[in-house]
Each structure stands twice: as C-alpha cells, then as structure tokens.
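Structure, as structure tokens:
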Amino acid sequence: MSRGLRKFVLTAHVVFTVSWLGAVLVFLVLAISGITSKDILLIRSDYLAMELIARFVIVPLSFAPLITGPILSLGTPWGLFRHYWILVKLVITILCTGIMQLHMQPINHLADIAIQVGVFSDDLYKMQVQMVIASSAALIALIITTVLAVYKPRGMTTYGWRKQYEERITSSEIDT
Numbered sequence: 028m029s030r031g032l033r034k035f036v037l038t039a040h041v042v043f044t045v046s047w048l049g050a051v052l053v054f055l056v057l058a059i060s061g062i063t064s065k066d067i068l069l070i071r072s073d074y075l076a077m078e079l080i081a082r083f084v085i086v087p088l089s090f091a092p093l094i095t096g097p098i099l100s101l102g103t104p105w106g107l108f109r110h111y112w113i114l115v116k117l118v119i120t121i122l123c124t125g126i127m128q129l130h131m132q133p134i135n136h137l138a139d140i141a142i143q144v145g146v147f148s149d150d151l152y153k154m155q156v157q158m159v160i161a162s163s164a165a166l167i168a169l170i171i172t173t174v175l176a177v178y179k180p181r182g183m184t185t186y187g188w189r190k191q192y193e194e195r196i197t198s199s200e201i202d203t
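Counted from 1, the sequence shown has number 156 at position 129 by my numbering; the numbering is strictly sequential.
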C-alpha cells in the first residue's frame, strides 16, 4: 500500500472509530436522561433522538471500521493476524456491531412508544435500563479498542511468529 493511500485509510479509520465512540456517548447520555427525567416531553425526545442516532449514525459507523480496519492492517507490516491486539480489536468491533443490530429492536420499540403513547409504564423500565447498560458496555468496548490502537501491546500470534521467522530467513538469504 502506498504511503498516501495508507494515510488516507488510517485517517478514515480513525475518523470512523472516534465518531462511533462519540455517537455512543451521546446515545448513553440520552438513555440516562430518558430513564432519570420526570419531564415526559424530554423523555419522548430522548427516545426519538436515540432511534435516529442509532439508525443513521451508530449503525453505519459500526460497519465502517470493519472495512477500514482490515484494509489498514493488511496494508501495513502489522498484518491482520500477526498480533493479538489487532485480533482483539477486530473481535470487539464485530461483537459491538452485531449487538447493535440486536438492540435496534428495543430502540425502535421505545421510539414507537414515545410517538404513540408518550407515557412510559413500569414494564418498560427494564428496556430503558437495558439501553443504559448496553450503551455503557459499548462505550467501554470502544475505549478499549482505542487504547489497544494507541498502545499496541506486545504479543504475536503463532502465525505472526512464523511470518516473522520466514521474513528473517528470506532476508538473510538475499543478503548472502
């Protein structure tokens, strides 16, 4: 991968992941407001905004790193399967994206209730708590992926060790 293309993909990857993290943070703030507020208009607005943010911001942003991340790792010496921290980031991203898809149903349900009824009964409290817990967990997971990307902890996979050995052998053969 050329230097310019690598920088472009890296920039896109950073923008998508940081934006995703920010959108989840906003979602969490709205979820907390929706469960703690006594103002019914604010609660209704919270759940309507959460549905819009989830559908049009969080879901698309959750898929973007699944494209840019592997392209970036395959286009650099880090590789996709050479280091554990890259695999952990990939697994966390896949899990967060999948779980987000599952949570769209309760998010849509809360938004529908906000439009139609406007009053949240006690039986919806569990679903409201679920939104706070899920968005908190997603925020923590995205912070972990960010920390892994910055610190790049040591630890090569078996595949990584083998590739490194093969590269050393190949380079020593070229030198002789």
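The beta carbon of each residue, even a glycine, is placed where N, CA and C say it ideally should be. All values derive from a computational prediction rather than experimental measurement.
Alpha helix (DSSP H) segment containing residue i, residue limits
i: residue 204; result: What is shown of the chain runs 28 to 203, which leaves residue 204 out entirely.
i: residue 226; result: Within the shown structure, residues of the chain are numbered from 28 to 203, placing residue 226 beyond reach of any answer.
i: residue 96; result: 86-101
i: residue 81; result: From DSSP, residue 81 is part of no alpha helix (DSSP H); its letter is neither H nor E.
i: residue 169; result: 152-178
Distance between residue j and residue i (C-alpha atoms, nearest Å)
i: residue 186; j: residue 176; result: 20 Å
i: residue 170; j: residue 200; result: 43 Å
i: residue 66; j: residue 115; result: 41 Å
i: residue 189; j: residue 34; result: 28 Å
i: residue 157; j: residue 132; result: 12 Å
i: residue 163; j: residue 154; result: 14 Å
Own chain residues within Cβ distance below 6 Å of residue i, not counting five before or after
i: residue 168; result: 119 and 123
i: residue 98; result: 36
i: residue 172; result: 116 and 119
i: residue 73; result: 57, 60 and 61
Cβ-Cβ distance between residue i and residue j below 7 Å
i: residue 40; j: residue 95; result: yes
i: residue 134; j: residue 194; result: no
i: residue 141; j: residue 75; result: yes
i: residue 183; j: residue 110; result: yes
i: residue 93; j: residue 46; result: no
i: residue 113; j: residue 100; result: yes
Same chain only: Cβ atoms within 8 Å of residue i, ignoring 5 sequence neighbours per side
i: residue 159; result: 55, 58, 59 and 62
i: residue 85; result: 47, 50, 51, 54 and 127
i: residue 90; result: 124
Cutoff 7 Å; reference residue i; Cβ partners in own chain excluding five residues on either side
i: residue 80; result: 50, 53 and 54
i: residue 139; result: none
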